[in-house]
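Here's the structure we're looking at; comments come further down.
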Amino acid sequence: MKEKWFDTNATWLAANGMIPKSNHGHLDTGSFVVDMLGERLIIDIGANNYDASGYFSTQRYHYYRTRPEGHNMFLINPVAQLDDYGGFAPWVDASGSGITATAEGAYYTIDLSDVYAEDTTSAIRGYMLMDDRRNVVIRDEIT
């Protein structure tokens, strides 16, 4: 979501949903990045060293950069999450259609319930641009 197109100072928000544990993926479903006033304010630390010991086998999700702790994600049960993190995290909104947008703002949610199914009955993360798309709100609703 963006405040304006073709403006390097515009507020910009992007989030990661869909399938965790994909090829080259991290346990970061629901993480996000934010740019404002030409600066990256909230970052994703990116890839680890592919040559690290066990990276493409048993040790991959033992590295900080590949786990939820290394991203801007909430952590509920780190031991269980290491083994059970999976599922599907679709983008949804109140109507179930995806992004809701107006000139004043935009929002969408990612349903993380399947990803956190071992420890929650529901886990929803909402992303909003508000105040003429100049401010960002991230809201977690976890049951």
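Quick note on numbering: the sequence shown equals residues 6 to 148 in the working numbering. All C-beta atoms, glycine included, are put in the ideal place defined by N, C-alpha and C. Bear in mind the structure is a predicted one, so any value in this text is a computation, not a measurement.
Rounded to whole angstroms, the gap between the alpha carbons of glycine 110 and lysine 7 is 9 Å. In the displayed model, tyrosine 66 falls within a helix according to three-state DSSP. In this chain, the beta strand (DSSP E) harbouring leucine 46 covers 44 to 47. Assigned with DSSP and collapsed to three states, glycine 75 falls in helix. Excluding its 5 nearest sequence neighbours in each direction, glycine 131 has C-beta neighbours in its own chain below 6 Å: Thr114, Arg144, listed in chain order. Looking at the DSSP output, threonine 125 bridges to nothing.
Per the C-alpha coordinates, the member of Val141, Ile147, Thr148, Glu146 positioned closest to leucine 46 is Val141. Going by DSSP, tyrosine 60 is part of no beta strand (DSSP E) at all; its letter is neither H nor E.
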